[in-house]
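J.: Handing you this structure, nothing more for now.
Protein chains: 2
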Amino acid sequence: MRDAELTRQKILTVSADEIHKNGFTATSLSCILARCDISKGALYHHFTNKLELGYAVFEEVYAPAFIALWQPPVEAEDPIAGLCDFFSAMSKNMSCDEIVCGCPLNNLCQEMSAIDEGFRIRILAMQQQLNLLIATNLARVSHQLQPGLDFSQVAYFIVATFHGSSSLSKSSLNKELFDKVIKELCRYIRQLKR
Amino acid sequence: MRDAELTRQKILTVSADEIHKNGFTATSLSCILARCDISKGALYHHFTNKLELGYAVFEEVYAPAFIALWQPPVEAEDPIAGLCDFFSAMSKNMSCDEIVCGCPLNNLCQEMSAIDEGFRIRILAMQQQLNLLIATNLARVSHQLQPGLDFSQVAYFIVATFHGSSSLSKSSLNKELFDKVIKELCRYIRQLKR
């Protein structure tokens, strides 16, 4: 039982890495088998097909890592300062390459959402989970914020702008654009305060 | 001379359509020749190779159409109201499919910027042109706006958020997300006023 669980985790870790490198469609199961040093039967014992494996990578590796990245800034005592520091640090520390290569999750979303309904539903669920995380923590400090804000709307706006800043700099390979958008995003977030 | 120019325009129009439908890489020159009813020689008379044709489609069809789309709202007497109306109308009138299919320009940028330096330079130049258009028109009404705004930064922010709103709704095929982001974008834009 313990061994089976270890094998399952190994498959997920290796698959996440392969999908990150090649995209889902181009990822080869035989390559995963070779890297895990397991038989086809062992793989199919855990996942009935490649799509099921892809869903598991999304739900158990990518999505939790993505949510965990947002948790510390948003759950900080002051989520406004937390979010500004989070974005500023990214702007300061990330190279142009890192922004351009993009997060594995975003790449997978772009590749799969239009092709497969199972992925689309999981992507939407994850966006809603992130939205709830941000909106709840803004509501927690609502007494410090402007009256009349729609926290869910604000949360989607922040995430969309962050997405947009990386796709804008990605399509021009220019980090200056990313930095400018992040600066203005921080100004917007600070202005949420009364 | 006149005929040659007509042929060149026809090639550009047909190519823009083919690139929109298939992407640049998958676009076939022989298909363009067939639709234009011209010989290979006639095509090469105007464009030395497929890449040169792609650049011309970008510079003479896609980029001007994109800039022309932003001009009326931004050059309106009140660019703040102009931009809000522009985004609200998009949110109201565009179907989920239209948002998801995306603008041909954005698709081409995503496909080609990382592969070809010639495209990347042209994409950056176009982003800078759009940025200048928005920033100049905000500066024109600066007496009505908050003091201390960096107009170039504000302009990149608006464009990035708009990009992000469509990519967010694209990856979840959910128009509600798009509408929420656009609503908050309009609130942000209106808040630029004193």
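Going line by line, the protein sequences match chains A and B. Counting from 1, position 169 in the first sequence corresponds to residue 169 in full-length UniProt numbering; the numbering is continuous, with no gaps. Counting from 1, position 68 in the second sequence corresponds to residue 68 in full-length UniProt numbering; the numbering is continuous, with no gaps. Yeah, the Cβ is synthetic: ideal placement off N, Cα and C, and Gly gets one too. This structure is a prediction, so every number in the text was calculated from the model and none was measured.
(1) Can you tell me where the alpha helix (DSSP H) with residue 170 of chain B in it begins and where it stops?
(2) Using DSSP bridges, identify the partner residues of residue 10 of chain A.
(3) Which residue or residues does DSSP assign as beta-bridge partners of residue 21 of chain A?
(4) Determine the extent of the alpha helix (DSSP H) in which residue 122 of chain A is found, giving its start and end residues.
(5) For residue 164 of chain B, return the contacting residues in chain A, with the cut-off set at a CB-CB distance below 8 Å.
(6) Go ahead and label residue 45 of chain A buried or exposed: buried means 16 or more other beta carbons lie within 10 angstroms of its beta carbon, across all protein chains shown.
(7) Please work out which residues of its chain come closer than 8 Å, Cβ to Cβ, to residue 192 of chain A, disregarding the five sequence neighbours upstream and downstream, and give them in chain order.
(8) In terms of residue numbering, what span does the alpha helix (DSSP H) encompassing residue 110 of chain A cover?
(9) Tell me, please, which residues DSSP counts as bridged to residue 193 of chain B.
(10) Rounded to the nearest angstrom, what separates residue 28 of chain B and residue 35 of chain B at their Cα positions?
(11) Note down, in chain order, each residue of its chain lying with its Cβ closer than 7 Å to the Cβ of residue 50 of chain A, except the 5 sequence neighbours on either side.
(12) Along chain B, in chain order, which residues have C-beta atoms closer than 8 Å to that of residue 113 of chain A?
(13) Find the residues of chain A that neighbour residue 181 of chain B, judging by a C-beta separation of less than 7 Å, and give them in chain order.
(14) Could you tell me which of B:22, B:65, B:76 sits nearest to residue 129 of chain B, measuring between CA atoms?
(15) Relative to chain B, which residues along the region 140–153 of chain A have a C-beta separation below 8 Å, given in chain order?
(16) Applying the criterion that 16 or more other CB atoms from any shown protein chain within 10 Å of the CB defines a buried residue, is residue 95 of chain A buried or exposed?
(17) Of all the options B:14, B:159, B:141, B:115, which has the alpha carbon lying nearest to the alpha carbon of residue 69 of chain B?
(18) Can you pull the chain A neighbours of residue 83 of chain B, defined as C-beta to C-beta under 8 Å?
(19) Assuming residue 162 of chain A and residue 177 of chain A form a contact by the criterion Cβ under 8 Å, report the distance between their Cβ atoms to the nearest whole angstrom.
(20) Taking 8 Å as the limit between beta carbons, can you name the residues of its chain near residue 7 of chain A, skipping five residues before and five after?
(21) Measure the alpha-carbon distance for residue 11 of chain A versus residue 63 of chain A and round it to whole angstroms.
(22) Measure from the C-beta of residue 124 of chain A to each C-beta in chain B and report whether the shortest distance is under 8 Å.
(23) Taking residue 123 of chain B as the reference, which of A:52, A:169, A:74 has the closest Cα?
(24) Shorter than 8 Å from the beta carbon of residue 51 of chain A to some beta carbon of chain B?
(25) Residues of the UniProt domain "HTH tetR-type" (5–65) of chain A in Cβ contact with chain B at a cutoff of 9 Å, in chain order, please.
(26) Can you tell me the Cα-Cα spacing of residue 33 of chain A and residue 14 of chain A, whole angstroms?
(27) Beta carbon of residue 115 of chain B: closer than 7 Å to some heavy atom of the ligand ATP?
(28) Suppose the cutoff is 8 Å on Cβ atoms and the five residues either side in sequence are ignored; what does the same chain contact list for residue 107 of chain A look like?
(29) Hey, does residue 186 of chain B have any beta-carbon neighbour from chain A nearer than 8 Å?
(30) Quick check: residue 110 of chain B and residue 172 of chain A, are their CB atoms within less than 8 Å of each other?
(31) Is residue 83 of chain B closer than 8 Å to residue 189 of chain B when the C-beta atoms are compared?
(32) I'd like to know whether the C-beta of residue 120 of chain A is nearer than 8 Å to at least one C-beta of chain B.
(33) Could one say the Cβ of residue 133 of chain B lies closer than 8 Å to chain A's Cβ atoms, at least one of them?
T.: Judging by the given coordinates:
(1) Residues 151–172.
(2) By DSSP's assignment, residue 10 of chain A forms no beta bridge with any residue.
(3) In DSSP, residue 21 of chain A forms no bridge with anything.
(4) DSSP places residue 122 of chain A in the uninterrupted alpha helix (DSSP H) bounded by 117–140.
(5) Going along chain A in sequence order, the residues near residue 164 of chain B (Cβ under 8 Å) are 159, 160, 161, 162, 163, 164, 165, 167.
(6) Residue 45 of chain A sits exposed, since fewer than 16 C-beta atoms from the chains shown fall within 10 Å of its C-beta.
(7) In the same chain as residue 192 of chain A, and ignoring 5 residues on each side of it, the C-beta atoms closer than 8 Å to its own belong to 80, 138, 145, 146, 149, 154, in chain order.
(8) Where residue 110 of chain A is concerned, the enclosing alpha helix (DSSP H) stretches over 104–112.
(9) DSSP output for residue 193 of chain B lists B:145 as bridge partner(s).
(10) The alpha-carbon atoms of residue 28 of chain B and residue 35 of chain B are separated by roughly 11 Å.
(11) If the five residues before and after residue 50 of chain A are omitted, its C-beta is found closer than 7 Å to the C-beta atoms of 29, all from its own chain and listed in chain order.
(12) For residue 113 of chain A, the C-beta contacts it makes with chain B under 8 Å involve 170, 171, 172, 173, in order along the chain.
(13) Correct list: 156, 157, 160.
(14) When each option's Cα is compared against that of residue 129 of chain B, the closest is B:65.
(15) Answer in chain order: 150, 152, 153.
(16) Classification of residue 95 of chain A: exposed, given that the 10 Å Cβ count is below 16.
(17) Cα-wise, what sits closest to residue 69 of chain B is B:159.
(18) Correct list: empty, because the minimum Cβ distance to chain A is about 15 Å.
(19) Not really, about 13 Å apart at Cβ, beyond 8 Å.
(20) For residue 7 of chain A, where only same-chain residues beyond five positions count, the Cβ hits under 8 Å are 36, 38, 42, 46.
(21) Straight across, the Cα-Cα distance linking residue 11 of chain A with residue 63 of chain A is about 17 Å.
(22) When Cβ-Cβ separations below 8 Å define contact, residue 124 of chain A makes contact with chain B.
(23) Of the candidates A:52, A:169, A:74, the one whose C-alpha sits nearest the C-alpha of residue 123 of chain B is A:169.
(24) Interface with chain B (8 Å Cβ-Cβ cutoff): residue 51 of chain A is excluded.
(25) With the criterion set as a beta carbon lying under 9 Å from some beta carbon of chain B, the UniProt domain "HTH tetR-type" (5–65) of chain A has no members that meet it.
(26) Rounded to the nearest whole angstrom, the CA to CA distance from residue 33 of chain A to residue 14 of chain A is 9 Å.
(27) Among the ligands in the structure shown, none appear at all, so the ligand ATP cannot be discussed.
(28) Excluding positions up to five away in sequence, the list reads 20, 23.
(29) Taking a beta-carbon distance threshold of 8 Å, residue 186 of chain B does not count as an interface residue toward chain A.
(30) No. Outside cutoff.
(31) Result yes, Cβ atoms of residue 189 of chain B and residue 83 of chain B sit closer than 8 Å.
(32) So yes, residue 120 of chain A belongs to the interface.
(33) Contacts with chain A at 8 Å (Cβ-Cβ) do not include residue 133 of chain B.
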